[in-house]
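Shown next, in structure tokens, is the structure this report addresses.
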Amino acid sequence: MASNTKLYYCCSSSTFILLLLSIFIQCHSGKSEVLKVNYYGESCPKAEEIIKQEVIKLYNEHGNTAVSWVRNLFHDCMVKSCDASLLLETLNGIESEKRSGRSFGMRNFKYVNTIKAAIEKECPLTVSCADIVALSAKDGIVMLGGPSIEMKTGRKDSKESYLTMVEDSIPNHNDSISLVLSRFQSIGIDIEGTVALLGAHSVGRVHCVNLVHRLYPTVDPTLDPNYAEYLMRRCPSPNPDPNAVLYSRNDRETPMILDNNYFKNVLKHKGLLLVDEQLTSDPSTLPFVQKMAADNDYFHDQFSRAVLLLSENNPLSDDLGEIRKDCRFVNK
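In this text, residue positions in the sequence shown follow this note's numbering: the first is 4, and each later residue adds one.
Pasting the structure below:
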């Protein structure tokens with residue numbers, strides 16, 4: 004008690020409050036303590052290179068895997084934490100997040116296991132599936148012509164899934180831009196960063212299931228008429244089969260390059276989804292759309308910043324997570 008009294012009287016009240024705040028932040032913030040650059044430098048020094056080489060090999064065999072890695076990061080990190088909960092299968096009381104309608108169209112999960120197997124061969128039970136999700140996205144972005152991002156590692160894997168949280172965490176293609184901005188803001192990503200992340204729509208494709216509401220029974224008047232005609236050729240039925248491969252590319256000019264053509268297209272009212280179109284009608288997002296459409300380097304800089312913020316959302320510490328042996332299941 005005497006030592007505590009001595010501490011109090013040696014400091015002014017404001018200094019003492021700052022001291023307590025500093026201690027609280029150190030104990031509770033966690034991001035800087037859990038994650039760091041080259042986390043596996045001693046325990047598995049080849050880890051990041053192995054993941055990179057696997058990503059390159061898979062890209063050369065199945066180019067669309069690079070898009071999957073980017074989407075995996077978004078779907079994993081937006082829900083609770085960047086903890087590979089997305090990868091868990093339904094088993095022993097766990098309900099997979101992949102069962103959510105928000106996961107429609109996601110694929111290539113089996114190739115995450117390919118990467119994990121290569122890592123386990125080099126360093127058993129050392130590298131988390133959550134870090135594989137993050138690093139494969141980092142390397143996938145490069146394969147898509149995007150920026151090189153220095154990403155921290157040290158994430159742990161969740162021991163549970165969060166299926167019931169998915170719809171409240173991941174925006175839907177029909178959601179308003181204000182709701183989308185709010186969802187990203189809840190994990191610390193500002194408007195500029197959110198606009199940049201939506202630039203990931205520059206690559207990949209959208210299934211007709213998510214498009215036809217803009218085409219039938221009447222065409223959305225905000226769509227460019229010529230573009231609407233093209234989309235109706237791609238999606239000729241108002242009731243497309245969700246199991247059929249019926250889709251349109253996000254960007255017809257450079258469909259597998261992560262560039263600012265997306266922003267140029269939305270300014271011409273050629274965005275596929277409602278949220279794409281709303282970027283140009285919302286006064287808080289339009290200036291960033293215009294700036295990114297005019298400057299690809301600026302887009303890449305903001306995209307890099309936002310991806311880092313996304314990838315560092317609420318990482319699990321050692322006592323809360325684990326290193327899964329198989330990314331599909333919690334350890335026994």
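The beta carbon of each residue, even a glycine, is placed where N, CA and C say it ideally should be.
Review point. Along the chain, which unbroken stretches of the beta strand (DSSP E) at least 3 residues long are found entirely within the segment 167-224?
Key: Within the segment 167-224, the complete beta strand (DSSP E) segments at least 3 residues long are 208-210, listed from N- to C-terminus.
So Cys250 is in the beta strand (DSSP E); what residue range does that whole segment cover? This sequence places Tyr at residue 250; Cys is not what is there. Residues Tyr250 to Arg252.
### Query
Among residues of its own chain, excluding the 5 on either side of Lys335, which ones have a beta-carbon nearer than 6 Å to its beta-carbon?
Take Lys335, set aside five residues on each side of it, and no residue of its chain has a beta-carbon closer than 6 Å to its own.
Where Lys119 falls: helix, strand or coil (DSSP) = In this structure, DSSP gives Lys119 a helical state, which the three-state scheme calls helix.
By the three-class DSSP mapping on this structure, what secondary structure does Ser287 have? In the structure shown, Ser287 adopts coil according to DSSP, grouped into three states.
Buried/exposed call for Asp321, threshold 16 Cβ in 10 Å = Exposed, since its Cβ has fewer than 16 Cβ neighbours within 10 Å.
message: For the structure I just gave you, are there three or more beta carbon pairs, one from the segment 67-81 and one from the segment 132-141, closer than 8 Å?
response: Touching, yes, given that three or more Cβ pairs across the two stretches are closer than 8 Å.
task = Could you give the DSSP three-state label for Ile59: helix, strand or coil?
result = Shown here, Ile59 sits in a helix according to DSSP, grouped into three states.
field: Simplified DSSP state of Ile26, which is helix, strand or coil
entry: Low confidence applies to Ile26: its pLDDT is 40, below 50, so where it sits in the model is not reliable enough to give any reading.
### Query
By how many angstroms is the C-alpha of Glu100 removed from the C-alpha of Leu218?
Looking at the two C-alpha atoms, the distance is approximately 30 Å.
**Prompt:** Can you find at least 3 beta carbon pairs, one from the segment 263-281 and one from the segment 222-234, that sit closer than 8 Å?
**Reply:** Segment contact: the segment 263-281 against the segment 222-234, three or more CB-CB distances shorter than 8 Å; contact assigned.
(Q) Give me the DSSP bridge partner(s) of Glu325. (A) Assignment of beta-bridge partners to Glu325 by DSSP yields Asp160.
Hey, would you say Gly149 sits closer than 8 Å to Phe306, going by beta carbons? Contact flag set, yes.
Have a look at Met154 and Tyr165 and give me their C-alpha separation to the nearest angstrom. Put simply, the backbone Cα of Met154 is about 25 Å away from that of Tyr165.
What residues in its chain sit with their C-beta under 7 Å from that of Val145, if we drop five residues either side in the sequence?
-> Answer for Val145: Ser151, listed in chain order.
DSSP state of Leu128 mapped onto helix, strand, coil = In this structure, Leu128 counts as coil in the three-state DSSP scheme.
Report task. Counting only the same chain and skipping the five closest in sequence on each side, list residues whose C-beta sits under 6 Å from that of Val70. Result -> Counting only residues of its own chain and dropping the five nearest sequence neighbours on each side, Val70 has a CB closer than 6 Å to the CB of Val206 and Gly207.
Using the Cα positions of Val40 and Thr156, report the straight-line distance between them to the nearest angstrom.
The C-alpha of Thr156 is placed about 6 Å away from the C-alpha of Val40.
Item to complete: Look at the alpha carbon of Glu52 and the alpha carbon of Thr197, and state the distance between them as a whole number of angstroms.
Response: Put simply, the backbone Cα of Glu52 is about 29 Å away from that of Thr197.
- Gly143 burial status per 10 Å Cβ neighbour count (16 or more: buried): The residue is buried, with at least 16 neighbouring Cβ atoms inside 10 Å.
Selected residue, minimal CA-CA separation from Val183, among Lys162, Leu312, Thr68 and Pro174
Out of Lys162, Leu312, Thr68 and Pro174, Pro174 has the C-alpha closest to the C-alpha of Val183.
| message | Taking its Cβ as the centre, do 16 or more other Cβ atoms sit within 10 Å of Ala199, making it buried, or is it exposed? | response | Classification for Ala199: buried.
Judging by CA-CA distance, which residue of Leu323, Arg331 and Phe332 is the nearest neighbour of Lys83? Distances from the CA of Lys83 to each of Leu323, Arg331 and Phe332 were compared; the closest alpha carbon is that of Leu323.
- prompt: Going by the beta-carbon positions, is the gap between Ser88 and Glu170 smaller than 8 Å?
  reply: The answer is no: Cβ separation not under 8 Å.
Task: Spatial neighbours of Ile190 in its chain, beta-carbon cut-off 8 Å, leaving aside the 5 residues before and after - done: Contacts found: Cys80, Met81, Leu312, Leu313, Asn316 and Asn317.
(message) Excluding the 5 residues flanking Leu226 on each side, which residues of the same chain have their C-beta closer than 7 Å to its C-beta?
(response) Only residues of its own chain outside the window of five on either side were considered, and among them Arg217 and His272 have a CB closer than 7 Å to the CB of Leu226, listed in chain order.
At 3 residues or longer, what runs of the beta strand (DSSP E) sit wholly inside the segment 252-318?
Fully contained in the segment 252-318 is no beta strand (DSSP E) run of length 3 or more.
Item to check | Residue environment, Ser103, which counts as buried when at least 16 other CB atoms sit within 10 Å | outcome: Per the 10 Å Cβ criterion, buried.
**Prompt:** Given Val333, which residues of its chain have a CB within under 6 Å of its CB, disregarding the five upstream and five downstream residues?
**Reply:** Lys162, listed in sequence order.
Q | Pro239 versus Arg255, Pro220, Asn253 and Leu90, residue with shortest Cα-Cα distance | A | For the residues Arg255, Pro220, Asn253 and Leu90, the minimum Cα distance to Pro239 belongs to Pro220.
Within a Cβ cutoff of 7 Å, which residues of the same chain sit near Ser106, ignoring the five residues on either side of it in sequence? Result list for Ser106: His78 and Glu100, in chain order.
Does Leu226 come out as helix, strand or coil in the three-state DSSP assignment? Looking at Leu226 - three-state DSSP - the assignment turns out to be coil, as it is neither helix nor strand.
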